[in-house]
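Asks: Shown below is the structure under consideration.
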Amino acid sequence: MSRQILQNRGFENELASYVTQGKVTINTDIAYSGMKSAQLLSTPLSTAEIAQVVFLILPGAQVRLSFFAKRFVGENATNISNIRAEVNFVNAFGVVIPPGIVMAIRGCDISENAWNYYEGYAEAPFGTLAALAVIRLEPPTSGTSSLLVDDLALVVEVGAPVPPPPPPSASPIYHEIPGIFTDASVNNSDAVGPAFSIQQ
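Just so we're aligned: the sequence shown equals residues 1 to 200 in UniProt numbering.
Below is the structure:
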């Protein structure tokens with residue numbers, strides 16, 4: 001049995017349930033479905049990112065990240081840059097457990113006239129409690145870059161949890177979730193949304 005676990009996946013409730021970084025707004029004129037889509041704008045000095053944390057991911061679950069994207073060209077957006085879409089699996093201590101889902105999409109492959117569909121798959125590793133889904137518009141080499149995103153989905157195949165693996169011979173390597181600031185001393189005025197504690 002599969003279930004879609006992201007909230008507000010079509011952005012009909014604006015940016016509710018998402019953490020954003022950089023310039024992220026809602027476009028009410030262009031959408032793949034419904035009335036709204038998320039619009040990301042990046043510059044050579046900044047990225048734009050939307051992210052959402054979801055909990056109760058069982059180890060061994062098959063996970064699929066999918067979304068529709070379209071290049072946006074306007075007076076303030078004349079260029080295009082690459083997209084990075086990720087799902088990072090997190091344990092009960094807030095530590096990322098590799099591997100996850102990583103999709104690197106070239107800006108030149110993103111259509112201006114049609115919506116492109118993207119999807120990626122992974123199996124939740126042992127110890128997984130939550131997952132962080134991220135869509136990031138990378139900085140362009142010049143000018144500004146803008147992207148529309150709609151119908152973002154994280155689908156989980158629900159089944160029996162996998163048994164724990166044998167003890168490793170060495171300590172596993174963990175990585176911090178990119179794009180999420182966890183040190184209270186960091187001044188990240190562009191980031192909004194609920195806090196999620198990640199172990200340093």
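Idealized CB from N, CA, C, for every residue including glycine. Given the structure is predicted, the values throughout are model-derived calculations rather than measurements.
Classify D151 as helix, strand or coil using the three-state DSSP reduction.
Replies: strand
Asks: Would you identify the three-state DSSP class for G107, choosing helix, strand or coil?
Replies: Secondary structure at G107: helix, using DSSP grouped into helix, strand and coil.
Asks: Would N88 be called buried (16 or more neighbouring beta carbons within 10 Å of its own) or exposed?
Replies: buried
Asks: Quick one: measure Cβ to Cβ for N27 and S42, integer angstroms, because I've assumed they're closer than 8 Å.
Replies: Not quite, the Cβ-Cβ distance comes to about 15 Å (not below 8 Å), so this is no contact.
Asks: Report yes if the C-beta distance between T20 and I50 is below 7 Å; otherwise report no.
Replies: yes
Asks: Under 7 Å Cβ to Cβ from R9, same chain only, skipping five residues before and after it: list those, please.
Replies: D151, L152, A153
Asks: Note down the Cα distance separating N76 from G127, rounded to an integer number of angstroms.
Replies: 44 Å
Asks: Just to confirm, are G74 and T47 a CB contact at a threshold of 7 Å?
Replies: no
Asks: Are three or more beta carbon pairs between the segment 139-150 and the segment 87-102 nearer than 8 Å?
Replies: By the Cβ rule, the segment 139-150 does not count as touching the segment 87-102, because fewer than three pairs are nearer than 8 Å.
Asks: Within 10 angstroms of its Cβ, does F93 collect 16 or more other Cβ (buried), or is it exposed?
Replies: exposed
Asks: Helix, strand or coil for S142 per DSSP?
Replies: Here S142 sits in coil by DSSP.
Asks: Within 10 Å of its beta-carbon, does A160 have 16 or more other beta-carbons around it, so buried, or fewer, so exposed?
Replies: Confidence is the limiting factor: at A160 the pLDDT is only 47, short of 50, which leaves the residue's position unreliable and the question unanswerable from this model.
Asks: If you pair each beta-carbon of the segment 110-120 with each one of the segment 129-136, do three or more pairs fall below 8 Å?
Replies: no
Asks: My assumption, with CB atoms under 8 Å, is that residue 257 sits in contact with Y118. Please give the rounded CB distance.
Replies: Here the chain covers residues 1 to 200 and nothing more, so residue 257 does not appear.
Asks: Name, in chain order, the residues that DSSP records as bridge partners for T25.
Replies: Q39
Asks: Any idea what DSSP makes of V19, helix, strand or coil?
Replies: strand
Asks: Just the C-alpha distance for S2 and S17, rounded to the nearest angstrom, thanks.
Replies: 21 Å
Asks: Using only CA atoms, which one of V90, A85, D109 lies nearest to M103?
Replies: A85
Asks: When you compare only the Cα positions, how much space is there between G107 and I101?
Replies: 19 Å
Asks: Using CA atoms only, rank isn't needed, just tell me which of A124, V156, F72 is closest to D29.
Replies: F72
Asks: Opposite S66 in the DSSP bridges: which residues?
Replies: Answer is E119, A153, bridged to S66.
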